[in-house]
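Read through the structure below, which is laid out as C-alpha cells, and then see the notes.
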Amino acid sequence: MSLIKTDAPGRRLLLMGNEAMARGALEAGVEVCAAYPGNPSSEIIGCLSQVAEEMGIYVEWSVNEKVALEVAAAASLAGLRGLAAMKQNGLNVASDFLLNLNLTGTKGGLVVVVCDDPSALSSSNEEDSRAFARLADLPLLEPSGFQEAKEMTKWAFELSEELGLPCLIRSVTRVSHARGNVELGELPTQRRRAHFDTSKPILPVPVVWAHRLLHQKLAKCRDRFHGSGFNQYRGPQRPELLILTSGAGFMYSLEAVSNLGLGDRVGIAKLGTTWPLPETFLKEQLARSQKVLFVEEVDPFMESNVKGFAAQNQTQLGPKIFLGKSSGTIPDIGELTPDHLIKVLRELFDVRYQPRPQAYIQEAMEAASHLAPPRTLGFCAGCPHRATYWAVKKALALDGREGFVLGDIGCYSLGMGPAGFFQMKTLHAMGSGAGLANGFGQLGRFGLDQPVLAVCGDSTFYHAAIPALVNAKYNGSSFLMLILDNRATAMTGFQPHPGTGRTAMGETVDPIDIEGLCRALGVQVKSVDPFDLDSTVEVLTDFLRQEKGVRVLVLKQECALVRGKRQGRLFKIRVDQDRCLGLQCGCNRLCTRVFRCPGLVWDSTSGKATVDDAICTGCGVCATICPASAILKEAV
Amino acid sequence: MDQNKGFRALASLVLGRDLCTTCGACAWICPYLDAFSARIVRLHDCDLAEGRCYAHCPRTGLELSHLNEKRFGLRDVPVKLGFYSKILMARAQDPGVLERAQTGGVVSSLVAMALEEGIVDAALLTRVGKDLLPSGKIATSREEVLECAGSSYVASPSLATLNRGPWDGVGRISVVGVPCQVLALEKMKSCDLIQDAPARKVVLSIGLFCTWALSYGPFINFLRQRIPWETVESMDISPPPERILRLKTSDGTREFPVEEIRPFIQPACAFCADMSSELADLSVGTVEGEPGWNTLILRTEAGESLLEKAITQGILEVKALPADYLEHLVEASILKKRRALERLRNMEEKEFKYLKADSSWLEAVESGPKRGEP
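As C-alpha cells, this is what we get:
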C-alpha cells in the first residue's frame, strides 16, 4: 500500500525522499510516468506504479532510460504532464534524446528526476549529473529535504510548462532514500485530454535558431528563479564566512554550524535552483562576506559556475576568497558528511570541538561486530548466478585457452569478486559486456586466441544488449553471449521487464522470449538451467569450441528471492553428518571454502559442513558439487 | 622418500613448469584436478599440505634405488634398460590382432589373453577417440582391447581413469602405459594416503617404449590447418633414418617429416630418463629394422609367466633379439637418460630436480655407449 495517494491536504506523512517527489508529481497532476529502475531512483516509479490505476495515470517500466524519457516527452508533446526518473548513469543513456528535446522544446510539464549516487554506494560510477543541465541549457533544481523535494517537483512541472523546456531535478542518495515529514497538498481532480497539434512539427531545426530560442528560454528561467523560495539564506547579516551549498550539503552545513556554535559567524546560502544561476539572489549573498565556502556533492558544479559569475561581476562584488573543492578544502570525491564540514570549520575558526571520544568508533565497531554475521559481498544463498559462474569457471579451465568474461551492470556484476569466482573481467555500462565482446570478437585477426564471453542479465538484455547482438551478427564477430535470465530486474528490487509477462501497472502481457528473439537474428542459441551444472558445463565447453560467429546461451533460472517469495524452497537441503567426511574427505572443504554459498556453513565443532536453514533457498546445487554425496536434496 | 606435499607444490613444481607428463595420476582423485582433452586442468586452488596429487606424480621426488628395491628387491639395477630377466622379439599369431596392431600386436594379444584367462578382471588401456583424442579406457573383453590397439603418439592422461574407475566387481587390474605412467603407477601403488585406492588392485603392468609424446592441442591445431584431420584413421612414425609421420586418412596417406611436429612434443618429455618403462612387469617396443616385430623385455615373474602362457597357447611367436638390435636399444635408452640428466642439471632451482639416483647410476649414464644425434 503506497501512502503517496493519501488524499488529505495538510496531513503530515513520513515519506522517503523518492516518495515525496512522486507525491509532488501527483499533486502537479502528472499523467504519464516512466523509468528504467536504477538505485537510488527506483522507488519513484515503483510507488507511482502502485497507485497508477487508482489515480488514473499511466506508469511504465521502460526498457531503458532513453525510451522512458521519450515516453514521458510524448505525454508532454500531447499537452499532458510527464515524469521520467533515472539514476545518473541512466541520464547518459537518455542524453542523446535530451540534447535534442531541449531544442525542440516541450509543451505540457516534463520533469526529469535524476538521482545521483555520491560515493557510488550502488553504482558503477560517481557521476555528477548536474553537468547535463549546463550542457543542455536546461533548468536544474536540487532539493535538500523531503518537504522541499515534494514542493520542488510540483513546481518543476509548472516551470517546465511555462518555459516549454524539460526541467531537471537532481537528487542524491541521502535525499532519495532518507525519510522525513512531508505535509500533503491537494491532489488534482481532473485529467487533461491528450492531443497532438499537427500544425507545427516538433523539430530542432533550424538548429542555430532553435539554440538561440533555447538561450532565451533559459534567460527567462533565470528571471523566474529570482525570488524563488527554494533559494534561502540563514545567518547573520555580514558573516565571516558564507557557505554556498545545495542538496544534501545544506543539511550537513546546518548541522556543522549548529554543532560548532558558529551560527553568529557563519551564514548559509542554499541554492535550490542551481542552473541557470539565480543571479540576483547570488549577488545579494556574495556581497555578505569576503570568504565563501562551497559545499556540494560531487563535482564543483556550483563552485565553478559561481566563480565565473563572481569574476564577471568583480567590480561590484570585489575580491573574494573562494574555498571548496578547487582549494582542496572540501573533498572532491565521495559523499560529504557533517564531519567533513565540522573539520573544515574547526580549522577555519579555530574552535574546539570534540564530537565524540576518539576511541568511540572503534569501540562501537567492536561492540557491534558480533551482532552481524560475517559475510562478504556476494550472491544470495541459492542465487543462480553462483551456479552459472561455477560452470563458467570450470568450462574456461577445461577449455584452457584463457577465455574471459566481459560483464556489465546487474547482480551478476558481483561475478568480478569471490562470489563469482573472479570470472567477470570488465565492468562498464549497461550492455557493455556484449559491446566490448563485439570488438574483442574481431581481434582474432590480430592474434587474439582466447575465447571471448559476454555476460548480461535478462533486463539488461532488453535495455542495451540487443543492438550489440545485432551488430555482432551483422559484422560477424565471434563470441559467446551468456544471458543470465533470472526473470527479474533483481538488483534494483525485482521490477518487471519485457520477459516477465507483467507490466508496472500489473497487467499480464505476452512475455518477450529472449531465445526466440536471438533465433530471429539468426544466431545460434541454446538455453540451459544453470542449476544443472553438468549440462551447463557441457554446453559451455561445446560452445567455446566453436570458434566462429556469435553464440547465445540463455541460463534460465528464476532469482532465488523471487522464487522464494512465490513458492518457497525447491528442496529441503541437509548434510548427512555420517557421509560428510569433513577434513578427512580430501575435498578440502570444497563446499564452504571454494563454492561458498552462504547457505552452507562449516561447523568447526563437528568439523563438518552443515546447512543454514534460515537462509538456504533449496537450490540443491551444492548437492552436485559435494564429492562425497553428503549433501542431500529432499522433497519439500 | 621425498616429503609429500600438496596441490600447490605440484602446481608450482610441475604443472606450472612444463614438467607435467599428462600421465593422469593426479587427476580425478579430488574436485581440484581434472583430466580433459588430454590436459591436466586445475579447477580451483587447494591449500592442503599433503595430497595424492603430489605423491602420485612421476615428476616429484623419484628415488630410483628405492623404487627398484621395492619392485625387484634390488637397490642397484643395470642402468642401460633397467632390471630384466630376458629380452626377445615377438609377434602375434592372430591375423585379427595383427590387422589392427601398430607393430606386432604383442600388447593387445597379451592383454586379451590375461582377460580371457582370468589373470586380470579388467585392463586400463588408452583409446584414441573422436578428434584423435586419447583417453583412458577400461577394457574387459578382447573386442574392447582391440579397440585400443595402435599408438596415439599423443600424451594421454589415462591414469585418471585408474583413479576414477568404475572398478566395481574388479579384483585385479592390468595397466598398459608409457614409462611416466608406469613410474606413476608404482608411486600410486605405494601411496599410503588412502588404503582402498584402485592402484592397489593392479597386478600386471605392461610398459611401452617411449621417446616422447605430443601435446594434443598444439598437434591437432597443426593437423587442422593442413589436412582433413577428422578423417585420420591411424598414425605411424617410421624409424630413423627416414623418420616420417604417416597419417592414414579415408582418402589416402599424408606424410610429415618428424621435424615438423617436433615443436608439439610435450616439454616434459625432455626431462624423462626412462625409454623402456623400467618398472613394468614387461616392456614392449618396436624392433627397428624388423617390421612387424615387437621387442619384449621381461622384468618380473608376472611378466615371465604371462609370456610363457602366450607361447604355450600359440598366441605369440618369439625369437631372439639380434645383438646389434639390442645394442641400438641400449644406445637409445642411455641417450635419453643422458639428455634428461643434462637438462635437469641445467635447471637453476634445485627443487625441480625430481630425479634422485645414486652416483654409480649417474656415472654409468655419463659413460654409457654413445651414438650420433637421432
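One line per chain: the protein sequences are F and Z, in this order.
Numbering follows this note's numbering, in which position 607 of the first sequence is assigned residue number 1047; successive positions increment by one, without gaps.
Numbering follows this note's numbering, in which position 181 of the second sequence is assigned residue number 798; successive positions increment by one, without gaps.
Built from N, CA and C at the ideal position, the CB exists for glycine as well.
This one's a predicted model, so the numbers in the text were calculated from it and none came from an experiment.
Pro845 (chain Z) and Ala756 (chain Z) have their alpha carbons spaced roughly 30 Å apart. Contiguous beta strand (DSSP E) elements confined to the stretch 515-554 of chain F occur at 522-527, taking only those with 3 or more residues. Shown in chain order are the members of the stretch 1012-1034 of chain F whose Cβ falls below 7 Å from a Cβ of chain Z: Gly1026, Cys1027, Asn1028, Leu1030 and Val1034. In this structure, the beta-carbon distance from Gly486 (chain F) to Met592 (chain F) does not fall below 9 Å. Interface with chain Z (9 Å Cβ-Cβ cutoff): Lys834 (chain F) is included. With respect to Thr685 (chain F), Leu702 (chain F) sits apart: the two C-beta atoms are not nearer than 9 Å. The continuous stretches of beta strand (DSSP E) do not include Asn838 (chain Z), which lies in the alpha helix (DSSP H) extending over residues Tyr833 to Arg841. For the C-beta of Ala837 (chain F), the chain Z residues within less than 7 Å are, from N- to C-terminus, Val658, Arg659 and Leu660. Considering only beta carbons, no part of the stretch 873-888 of chain Z lies closer than 7 Å to chain F. The beta carbon of Tyr770 (chain Z) sits no closer than 9 Å to any beta carbon of chain F. For Pro1067 (chain F), at least one C-beta of chain Z is nearer than 9 Å to its own C-beta. Under the three-state reduction of DSSP, Lys590 (chain F) is assigned to helix. Here Asn529 (chain F) is not near His903 (chain F), since their CB atoms are 9 Å or more apart. Against chain F, the CB of Pro648 (chain Z) has a partner CB under 9 Å away; the residue lies at that interface. A contact between stretches requires three or more CB pairs, one per stretch, nearer than 8 Å, and the stretch 863-873 of chain Z fails this requirement with the stretch 818-828 of chain Z. Counted as a single uninterrupted DSSP element, the stretch harbouring Lys970 (chain Z) is not any beta strand (DSSP E), since DSSP gives it neither H nor E.
Between the stretch 617-629 of chain F and the stretch 466-474 of chain F there are three or more C-beta pairs closer than 8 Å, enough to call the two in contact. Within the stretch 853-876 of chain F, the residues whose Cβ lies closer than 9 Å to any Cβ of chain Z are, in chain order, Phe861.
Between the beta-carbon of Ile951 (chain Z) and that of Pro986 (chain Z) there is about 6 Å, and that keeps the pair under the 8 Å contact cut. Around the beta carbon of Met805 (chain F), a 10 Å sphere encloses fewer than 16 other beta carbons of the protein chains shown; the residue is thus reported as exposed. For Ile811 (chain Z), the three-state secondary structure derived from DSSP is coil.
A contact between stretches requires three or more CB pairs, one per stretch, nearer than 8 Å, and the stretch 1028-1041 of chain F fails this requirement with the stretch 983-996 of chain F. One Cα belongs to Thr848 (chain Z), the other to Ile861 (chain Z), and the distance between them is close to 19 Å. Counting of Cβ neighbours within 10 angstroms places Arg451 (chain F) among the exposed residues, the total staying below 16.
With fewer than three CB-CB distances shorter than 8 Å, the stretch 921-931 of chain Z does not count as touching the stretch 686-697 of chain Z.
For Pro907 (chain F), no beta strand (DSSP E) encloses it; the enclosing alpha helix (DSSP H) starts and ends at Ile906 to Asn915.
Within chain F, the residues whose beta carbon sits less than 9 Å from that of Phe653 (chain Z) are Ala837, Leu838, Asp839, Gly840 and Thr981, listed in sequence order. In the DSSP assignment, Trp649 (chain F) falls within the unbroken alpha helix (DSSP H) covering Val647 to Phe665.
Partner residues in a beta bridge of Gln630 (chain F), as assigned by DSSP, do not exist.
Residues of chain F with a Cβ closer than 9 Å to the Cβ of Cys827 (chain Z) do not exist, since the nearest Cβ in that chain sits about 24 Å away. Per DSSP, reduced to three states, the secondary structure at Trp595 (chain F) is helical. The beta-carbon of Gly834 (chain Z) is placed less than 9 Å from the nearest beta-carbon of chain F. Taking C-beta atoms as the reference points, Gly1022 (chain F) and Lys1005 (chain F) fail to come closer than 9 Å. Collapsing the DSSP output to three states places Pro751 (chain Z) in a strand. Residue environment analysis places Glu925 (chain Z) among the exposed positions, since fewer than 16 neighbouring C-beta atoms fall within 10 angstroms of its C-beta. Proximity of Ile861 (chain Z) to chain F, defined by a Cβ-Cβ separation below 9 Å, is not satisfied.
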